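In the working numbering, the protein residues as written are 289 to 534.
One structure is given below, encoded as structure tokens.
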Ligand code: BTN
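So this is what it looks like as structure tokens:
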């Protein structure tokens, strides 16, 4: 699928703008909305996403899939895998924190916010990614969780355009393969990026409350099984996890 880019120097949020303008997008292409800065960048669970000018990547991939497609929950995982592949291109070793936080040295370098709307009898996917590229240490410290950037890890400045170009190439190929063959072809790759957290003690957050457990295993559909301290093993397909020491 061809990618058409719409770029802003400043926008409230590339996801919000995409949602408001979806009806003008070409249904047979991917519309990529990017910005140098966002005034109201959004993260998962209604969190704020720090989006200062010119340092990072703020991008939203928009495309339509069939209304009856049941595996759309895997789409953010495909972007997470594509982002890891992109980071590897610069000789860094990324990991994923389930489901789709991108980490370097155990600190968050990127996050994905996927939203879905119904449009013209199809599902409109709004798939946003924020990736910290040249964000310096002073700014990273202001983020409410351990965070890093490509610059902070490699001690060199990156060309945001180059990172975006490689990400687009990887994502375009992977999403095409996913839409044709499903998630099974990506499962082992996804497992490898998650590997470090499997078997570890975690907090699980479902958007409302937290529970302690151990990340037991990954299922073929991308969901995980958590062995909760209550003694129950439960399959979860949404929410987020944090590692814990004890
Ligand atoms: C997360 O909470 O980890 C997800 C963060 C997603 C941030 C990106 S930046 C581009 C796009 N526009 C937004 O407002 N959010 C996403």
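Note that beta-carbon positions come from the ideal geometry of N, C-alpha and C, so glycine has one too.
Fair warning: this is a prediction, and the values are worked out from it, not measured in the lab.
- The residues 513, 514 and 516, in chain order, have a CB closer than 8 Å to that of residue 522 in the same chain once the five nearest residues on each side in sequence are set aside.
- Between residue 390 and residue 399, the alpha-carbon positions lie close to 6 Å from each other.
- Counting the other CB atoms within 10 Å of its CB gives residue 363 a total of 16 or more, which places it among the buried residues.
- At least one heavy atom of the ligand BTN is found less than 7 Å from the C-beta of residue 303.
- The Cβ atoms of residue 310 and residue 412 sit closer than 8 Å to each other.
- A residue is called buried once 16 or more other Cβ atoms fall within 10 Å of its Cβ, and residue 473, having fewer, is exposed.
- Under the DSSP assignment, residue 471 falls outside any beta strand (DSSP E); it carries neither an H nor an E label.
- The beta-carbon separation of residue 347 and residue 324, rounded to 11 Å, does not stay under the 8 Å limit for a contact.
- Annotation: residue 324 is outside any alpha helix (DSSP H); the continuous beta strand (DSSP E) that includes it extends over 318–326.
- The DSSP assignment places complete alpha helix (DSSP H) segments of no fewer than 4 residues inside the segment 442–530 at 448–469 and 475–482, in order along the chain.
- Counting along the chain, residue 425 sits inside the alpha helix (DSSP H) bounded by residues 425–428.
- According to the DSSP assignment, residue 344 belongs to no beta strand (DSSP E), since it is labelled neither H nor E.
- Of all C-beta pairs linking the segment 443–455 to the segment 368–377, three or more are shorter than 8 Å, placing the two stretches in contact.
- Spanning the alpha carbons of residue 414 and residue 320 requires a straight line of approximately 10 Å.
- Set against 7 Å, the gap from the CB of residue 400 to the closest heavy atom of the ligand BTN is smaller.
- In the DSSP assignment, residue 370 falls within the alpha helix (DSSP H) that extends over 363–376.
- Taken atom to atom, the span from the alpha-carbon of residue 361 to that of residue 459 is near 16 Å.
- Bridge partners of residue 336 according to DSSP: 330.
- Residues of the same chain with a CB within less than 8 Å of the CB of residue 505, apart from the 5 flanking positions on each side, are 486, 512 and 513 in chain order.
- Contact between residue 396 and residue 434 is confirmed by a C-beta separation of about 7 Å, below the 8 Å threshold.
- By the criterion of a C-beta distance shorter than 7 Å, residue 368 is surrounded in its chain by 384, 388, 390 and 400, once the five residues flanking it on both sides are discounted.
- The beta carbon of residue 350 sits closer than 8 Å to those of 306, 310, 313, 318, 319, 320, 321, 412, 413, 414 and 415, all from its chain and outside the five residues before and after it, given in chain order.
- By the Cβ neighbour-count rule, residue 393 is exposed, with fewer than 16 other Cβ atoms within 10 Å of its own.
- According to the DSSP secondary-structure assignment, residue 383 is paired through a beta bridge with 391.
- Between residue 300 and residue 327 the beta-carbon gap is near 5 Å, inside 8 Å, which marks them as a contact.
- Rounded to the nearest whole angstrom, the C-alpha separation of residue 475 and residue 445 is 33 Å.
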